[in-house]
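Asks:
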Amino acid sequence: MEEHLRNEMVIQYMPLVHKVVHGLKINNKEYEHEDLVNIGVIGLMKAIEKYNDSLNVPFINYAYMRIKGAIIDDIRKTSRVSRNRIKAVNDYYAAVNTLQHELLRTPTELEVCQKLGVTKAEMSKIYETVHQLSDVSLDDILFEDSSSETNLMEVMTDKKAVLAEDKMISKEQFAYLKVAIKMLSDREQQILQLIYFEELSMKEVGFIYDISTPRVSQIHGKALLKLREALKKEYAHD
Numbered sequence: 001m002e003e004h005l006r007n008e009m010v011i012q013y014m015p016l017v018h019k020v021v022h023g024l025k026i027n028n029k030e031y032e033h034e035d036l037v038n039i040g041v042i043g044l045m046k047a048i049e050k051y052n053d054s055l056n057v058p059f060i061n062y063a064y065m066r067i068k069g070a071i072i073d074d075i076r077k078t079s080r081v082s083r084n085r086i087k088a089v090n091d092y093y094a095a096v097n098t099l100q101h102e103l104l105r106t107p108t109e110l111e112v113c114q115k116l117g118v119t120k121a122e123m124s125k126i127y128e129t130v131h132q133l134s135d136v137s138l139d140d141i142l143f144e145d146s147s148s149e150t151n152l153m154e155v156m157t158d159k160k161a162v163l164a165e166d167k168m169i170s171k172e173q174f175a176y177l178k179v180a181i182k183m184l185s186d187r188e189q190q191i192l193q194l195i196y197f198e199e200l201s202m203k204e205v206g207f208i209y210d211i212s213t214p215r216v217s218q219i220h221g222k223a224l225l226k227l228r229e230a231l232k233k234e235y236a237h238d
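Residue numbers (UniProt numbering): 1 to 238.
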């Protein structure tokens, strides 16, 4: 493609880049808004370069995924979350899954600790890791093997959530999320409301509840894990 045509397409689809950046709601202090936009533009340029009609996918959908992928990949490369901590989260998922099959119910925190052979303090570290990972991609936490970028804030305010392919999420998935959120404790629901709807920082939430910022991160991470398990249960019952 000639350079002037490519530049025209970049200008044409800049609103899409901004939409992706806004939709990801990344909370990483190492990245300014413009940094994310610049990374998104690189993803857009790759989309323009790689796209062809044989893909049978509208360009805007293809570009959305390329832009989003470029941003998430860049953040993951610079993430301070170690492989060991990510492994601990995966071990948590496996332990909960095993216990659910053995007990035929959702295991308690103590039962998961015993299964993993970890202390409550070490479990708190797992919650903190989930909190950090949610800054990169919330749907990776909530929806296993999901291609959708579901905006929790929109679900909590009963608005329409949006797929990464710029389509509405299914009414079924939307309903599952609403049910799952109601399974959280009042404080967990309130904290998610403050983070995703009021867009308060962890420090500000901590000030409201008179708890430390790390404690807010732990509650946030724990709430997301509870949502994940509740969603899996709802899908299983379908």
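We put the beta carbon where it would ideally sit given N, CA and C, even for glycine.
#1: Between the alpha carbons of Y209 and P58, how many angstroms are there, rounded?
#2: Please report the residue range of the alpha helix (DSSP H) in which V21 lies.
#3: So what's T213 in DSSP terms, helix, strand or just coil?
#4: Reducing DSSP to helix, strand and coil, say where N7 ends up.
#5: So what does DSSP say about G221, is it helix, strand or coil?
#6: In the DSSP assignment, find the alpha helix (DSSP H) that holds V41 and state where it starts and stops.
#7: Which residue wins for smallest C-alpha separation from A180, given the options E109, K233, Y64 and G43?
#8: Let's see if you can read the secondary structure: which residues bound the alpha helix (DSSP H) around T98?
#9: Could you give the DSSP three-state label for N61: helix, strand or coil?
#10: Taking DSSP as the reference, what is the three-state secondary structure of A161?
#11: Given a threshold of 16 other Cβ atoms within 10 Å of its Cβ, counted over all protein chains shown, does E128 qualify as buried or as exposed?
Replies: For this structure:
#1: 47 Å
#2: M14 to L24
#3: helix
#4: helix
#5: helix
#6: H33 to K50
#7: K233
#8: R83 to L103
#9: helix
#10: For A161, the predicted model reports a pLDDT of 34, less than 50, meaning its position is unreliable and no value from the coordinates is stated.
#11: buried
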